[in-house]
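Colleague: Can you keep this structure in mind? I'll have questions shortly.
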Amino acid sequence: MLIYEISSNGRSAKAQYRKTHSITDIPPNHLRNNPAGLPAVSELQVVRHFTNLSKKNFSIDGEFYPLGSCTMKYNPRGVHKAASIPGFLNRHPLAPEAQSQGFLSCLYELQEYLKDVTGMRLVSLTPMAGAQGEFAGVSMIRAYHEKNNESRRNEILIPVAAHGTNPATAVMCGYKVREIPVTSEGDVDLGELKSAVGPQTAGLMMTNPSTCGVFERQIKEIAAVVHEAGGLLYYDGANLNAILGKVKPGDMGFDVLHVNLHKTFATPHGGGGPGSGPVGVGSRLAPFVPTPIVGKRDEQGRDFYYWRGEEDIPDTIGNLSAFMGNAGILLRAYAYARLLGREGMHRVGEYATLNANYMARQLEAAGFKLAYPGRRATHEFIITLSREAKELGVSAMDFAKRLLDYGYHAPTTYFPLLVPECWLIEPTETESREEIDGFIEAMKKILEEANASPEMLTGAPFTMPVRRLDDVKAARELDLALAK
Amino acid sequence: MAEFPENVRYAKTHEWARLEDDGTVTIGISDHAQDALGDVVFVELPEEGDVLGAGDEAGVVESVKAASDIYAPIAGRVAAINNELEDSPEAVNDSPFGEGWFYKLTPENSDDMNSLLSAGDYQKICEEESH
Amino acid sequence: MPFVPHTNEDERIMLDAIGVKSIEDLFDEIPGDLRAGELQQTPTSISEMELLRLMNERARRDEVSLSFLGAGAYEHHIPGAVWDLVSRGEFLTAYTPYQAEASQGTLQLIYEFQTMITRLTGMDVANASVYDGASALAEAILMAVRANRKSKSKTVLCAGNVHPAYISACQAIVSAQDIEIELVDWDQVTGLLDSSKLPSGKDYAALVLPYPNFFGGLEDVNTLTNWAHAEGALLIGVVNPVALGLLIPPGDWGDNGADIVVGEGQPLGIPVSSGGPYLGFMCCKQSVVRQMPGRIIGRTVDLEGRQGFTLTLQAREQHIRRAKATSNICTNQGLLVTAATIYMSLMGDEGLLEVAKQSHRGLMTLLERVSGIQGLALRFSGPCFHEAVLKLPKPAGEVLADMAKKEGILGGFDLGRMDSNLGDCLLVNVTEVKTETDIDRFVSCLIAALEK
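Chains as they are written, first to last, in the working numbering: chain A, 11 to 494; chain B, 143 to 273; chain C, 423 to 874.
Right, dumping it as structure tokens:
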């Protein structure tokens, strides 16, 4: 039932008390002469409506959510509390520095921790999501080449298994995309890379571990090939959870990277966002970072935090948001980093990897096919259901829908594109062995069903608020807003 | 089983082209292509009067899971577009060589049709792609 | 160790199942010389108790007693129900609705948001939001250049009194695709655009028009929309959603209405929270919907004919279209959309109108009470909404610093920071949360600062 269907003219929540006055100074041609068309409901109706809507959602709080590449780890409540302190919520973005030392100190320290964890020289917290971080990173690469009179470099290399944002970002930055094949072992094809680089190469975008869920073992050679050709290396931080505290992207030869705070630093996903994608750079790209960033100086023996903007960083690629990015998310990431501490960071990578490898082995033992059986799983791994699809007529999507009936959110399906009928599975370090064992048991049962009564999968889900939805109708007969 | 009618020529990019009696060339996408796309939800067509070179992007055909560019198989000027597709994009799936046609070109040179693939050659390419 | 539940027993069982002796063995594919040592700059962990004490102390340091700062982020009252509901785990910790059947809560909510925002703006369709108002404007510019088939130019005309940070963000985002943003000067007396001074007869893909503008001023949207359309340009409106409770919606501007509308959704139930996370809303006419980036929710039916909601038009997005996507955007501001939708539901038309009227009334009261101050004047003569520019007899920066230091009052925004010719100008904003006593405190504090 839509909220408009419980609306009734004349009803309102009375959240705003009426005061008797009229507006006389705004000319009438500026005033609206028709009602806006928002719902007319009482406060209890609103509370009940949205409470009941929430119950139709799967969430980390409610269900195991092993979405590969999304890092669905527990979102700590203490962190949420810390970021929701009224002094932080009510601080205006343009408040003067003298009245912002509390907030600025948190951001400055977060910059320092991210530098430490990534091995980069300078960090800007402003990009508001991974994709914006990518945009900032590739823009900086572009600015670097322009500054060095190398604008002829118009091509970005991207492994064929990369996340869709990578090529989309490259094009948004005015580049052409050249795809590099991946070997059957999951590594970037070094031979193909060598023939692809040249004087037109601006850079390479990749992640490590890769989207295939395995560690890119030849990363140093890859970095050397690209650098020798005069290009720069961009690291997509989506899979940082696997190596947090274990390996620093800066040490692998990357010149620029972004971190997904909503993945690695446990900030809440909120039904699709907000995210936050801070960028880190080495010294080559430091002059170009997006502004503002937080600086620290000494003022009469005390630390004073201040904004560093265009005057201070004249070659900056500019600002990407109206203010300085998703401040509330940054505060959460800061709080999380304080709770983990350096010891905690190390253990994130360790236990994420333990959980993934355990899950991979158990699924293999249960009869599922790993895409890269000879490789260690990192924080995630891929299974392929192409045999089941061919022999039993049940696809990876059918398995995913049936998993919902068992109370688990399905892993990422059909990504990366190069493995047919695949699932990319990432348990994260916050899941217990029992939770994982429960998932394995459910998968065993579903496999039995696939063999004995495949319609249990092809018709799934049965126990959700809706059955499978007609997405062809949704795209053909666009109904994107309730007609008035 | 996909159909590969012999009265049309094919491009590697999965468009078909048919030379009509009045000298125009009707263009659409093959049965193999519509099958791979799945249910078509939207077609973006060129505009009448557009001048296209062989291989130029002519529009986009969109399904739920993909959005593929369509290309001009030979050079020419767009003479007509199939307005029915706006309300009935499913015609592309139901009748790819008939009611699901996309647009007609007045070709720069109708001999260019000979540079396109025969049904047999195109079918071979499709079989290779499936592996 | 927080959040990792493994006991020694668990570890042993799991390592045995994998067939290795220790967790370290699982990292054996990583070349040894890449292994990082101890993290040197990250401190050791603290408990939640210590964390909250630290954060409370830092937040307290930043408290001010009263703020009249607007400039793109507005302090409105947020009813208690909003964040109570948003903080429910099922909303807070849900993810992108990729498995639609398990996400009907979020999906229906976004559909309701799309409905509310299209009605508020008078447009046909809306997306599920983008990051913020500034990036929404950048996306709108990219969209207009793609969608305007009649225009061959990659130049967009933009009112010079759009929020300066929006303008610079757009330049940073669109310049890589060789799109130029040409600014139009505003009239020095009115603070508004002068339609007779616009560059006619040239080819522009779009005109960007703010409402209200950065100074709080109200542009002649009807004339300007018709001008743009007559010139073959699309009209992009940048609006304040609370203002639309009172003012004409962009769908009604001119003879044909705006083509694309964007704005900052923060005033709808989101605290000013240091500038983010906020939400950028985007709406457009039906004819250009396929050029709109971002996630879009559609209503459909399930196998049994029941109403359901799902992500639609995904073929345009990065995860499918990749290099040819409308944008690289992946995220939408789900959590903030939830807050805005609940806020709009609690307000209704009546409530939103009250917020707008009371905010504007507050500004009028403040302007009356400062009108007697020697040397102070209203800088611009045009009509405005809830925000206005005061010309002071001293540099605004000095006055503000004094007000903050003496009384902890943030008096507004120093326009000298964006334009050296406006160094004596103060952009002041009043909302419904300010009482007459608050306004009196502002006035006496301002007088004291001017007399210094």
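For every residue, glycine included, the Cβ atom is placed at its ideal position computed from N, Cα and C.
I need the boundaries of the beta strand (DSSP E) containing Leu243 of chain A, first residue and last residue.
Modeller: 242-247 is the span of the beta strand (DSSP E), which, as asked, contains Leu243 of chain A.
Colleague: Determine the closest residue to Val291 of chain A out of A:Pro278, A:Leu242, A:Tyr316, A:Phe333, with distance taken between C-alpha atoms.
Modeller: A:Leu242
Colleague: Beta-carbon within less than 8 Å of His414 of chain A's beta-carbon, same chain only, minus the 5 sequence neighbours each way: which residues are those?
Modeller: It should be pointed out that residue 414 of chain A corresponds to Leu in this sequence rather than to His. Excluding residues up to 5 positions away in sequence, Phe68, Ala420, Ala470, Pro471, Thr473, Met474 lie with their Cβ nearer than 8 Å to the Cβ of Leu414 of chain A in the same chain.
Colleague: Let me see if you follow: with CB-CB separation under 7 Å, is Gly47 of chain A close to chain C or not?
Modeller: Closer than 7 Å to some Cβ of chain C, the Cβ of Gly47 of chain A qualifies, so yes.
Colleague: Given that a residue counts as buried once 16 or more other Cβ atoms are within 10 Å of its Cβ, and exposed if not, what is Ala463 of chain A?
Modeller: It should be noted that the sequence gives Ser, not Ala, for residue 463 of chain A. The C-beta of Ser463 of chain A has fewer than 16 other C-beta atoms within 10 Å across all chains shown, which makes the residue exposed.
Colleague: In three-state DSSP terms, what is Arg443 of chain A?
Modeller: It is helical.
Colleague: What did DSSP end up calling Gly639 of chain C once you bin it into helix, strand or coil?
Modeller: Gly639 of chain C falls in the strand class under three-state DSSP.
Colleague: Which residue wins for smallest C-alpha separation from Phe535 of chain C, given the options C:Leu832, C:Ile764, C:Ala826?
Modeller: C:Ile764
Colleague: Going by other Cβ atoms of all chains shown within 10 Å of its Cβ, with 16 needed for buried, is Gly196 of chain A buried or exposed?
Modeller: Its Cβ being crowded by 16 or more others within 10 Å, Gly196 of chain A is buried.
Colleague: Please confirm if Ala737 of chain C has its CB atom under 7 Å from at least one CB of chain B.
Modeller: Interface residue, yes.
Colleague: DSSP state of Tyr152 of chain B, grouped into three classes?
Modeller: strand
Colleague: Who are the Cβ neighbours of Glu459 of chain A in its own chain at under 8 Å, not counting the five residues just before and after it?
Modeller: Arg412, Met466, Leu467
Colleague: To which residues does DSSP link Cys806 of chain C through a beta bridge?
Modeller: C:Gly639
Colleague: Identify the contact partners of Arg371 of chain A in chain B, using a Cβ-Cβ distance below 9 Å as the criterion.
Modeller: None at all; the shortest Cβ gap to chain B is about 32 Å.
Colleague: Going by Cα to Cα distance, which pick from A:Met369, A:Leu120, A:Ala25, A:Glu441 is closest to Val358 of chain A?
Modeller: The shortest C-alpha separation from Val358 of chain A is found at A:Glu441.
Colleague: Does DSSP put Met825 of chain C in a helix, a strand or coil?
Modeller: Met825 of chain C sits in a helix when the DSSP states are folded into three classes.
Colleague: How many angstroms separate the CA atom of Val482 of chain A from the CA atom of Val185 of chain B?
Modeller: 14 Å
Colleague: What's the gap between the Cα of Leu657 of chain C and the Cα of Ala628 of chain C?
Modeller: One alpha carbon belongs to Leu657 of chain C, the other to Ala628 of chain C, and they sit about 6 Å apart.
Colleague: Evaluate the contact criterion for the region 110-130 of chain A versus the region 297-307 of chain A: three or more CB pairs, one atom per stretch, below 8 Å.
Modeller: Touching, yes.
Colleague: Looking at Ser617 of chain C: is its Cβ nearer than 7 Å to the Cβ of Leu646 of chain C?
Modeller: Using a Cβ distance threshold of 7 Å, Ser617 of chain C and Leu646 of chain C count as a contacting pair.
Colleague: Which whole-angstrom value is the C-beta distance of Ser205 of chain B and Ala737 of chain C, which I expect to be below 8 Å?
Modeller: 7 Å
Colleague: What are the residues in the region 464-488 of chain A lying within 7 Å of chain B by C-beta distance?
Modeller: Asp481, Val482, Ala485, Arg486
Colleague: Which residue comes first and which comes last in the alpha helix (DSSP H) that contains Tyr368 of chain A?
Modeller: 337-375
Colleague: Report the neighbours of Tyr123 of chain A on chain C: residues whose CB is nearer than 9 Å to its CB, in chain order.
Modeller: Leu461, Gln463, Thr464, Pro465
Colleague: Among C:Val611, C:Ser525, C:Gly613, C:Pro693, whose alpha-carbon lies nearest the alpha-carbon of Ile95 of chain A?
Modeller: Ranking C:Val611, C:Ser525, C:Gly613, C:Pro693 by Cα distance to Ile95 of chain A puts C:Pro693 first.
Colleague: Does the separation of the CB atoms of Gly773 of chain C and Gln26 of chain A fall below 7 Å?
Modeller: Result yes, Cβ atoms of Gly773 of chain C and Gln26 of chain A sit closer than 7 Å.
Colleague: Return the first residue and the last residue of the alpha helix (DSSP H) that Val792 of chain C is part of.
Modeller: 756-792
Colleague: Quick one: residues in its chain with C-beta nearer than 6 Å to the C-beta of Arg219 of chain B, no 5 flanking neighbours on either side, listed in chain order?
Modeller: Val193, Thr248
Colleague: Please confirm if Val203 of chain B has its CB atom under 7 Å from at least one CB of chain A.
Modeller: No, because no Cβ of chain A sits closer than 7 Å to the Cβ of Val203 of chain B.
Colleague: Asp177 of chain B CB to nearest chain A CB: under 7 Å?
Modeller: For Asp177 of chain B, the answer is no, since every Cβ of chain A falls outside 7 Å of its Cβ.
Colleague: Let me check understanding here. Comparing Cα to Cα, which of A:Phe98, A:Arg227, A:Glu156 lies closest to Ala212 of chain A?
Modeller: A:Glu156
Colleague: With distances taken Cα to Cα, identify the nearest neighbour of Gly623 of chain C among C:Asn754, C:Ile751, C:Ile452, C:Ser575.
Modeller: When each option's Cα is compared against that of Gly623 of chain C, the closest is C:Ser575.
Colleague: In chain order, what residues of the region 184-214 of chain B put their CB closer than 8 Å to some CB of chain C?
Modeller: Flagged, chain order: Phe184, Glu186, Glu189, Glu204, Ser205, Val206, Lys207, Ala208, Ala209, Asp211.
Colleague: Beta-carbon of Ser622 of chain C versus every beta-carbon of chain A: anything under 7 Å?
Modeller: no
Colleague: According to DSSP, which residues form a beta bridge with Val89 of chain A?
Modeller: Answer is none; Val89 of chain A lacks a bridge partner.
Colleague: Taking only beta-carbon atoms, is Asp261 of chain A less than 7 Å away from chain F?
Modeller: Among the protein chains in the structure shown, which are A, B and C, there is no chain F.
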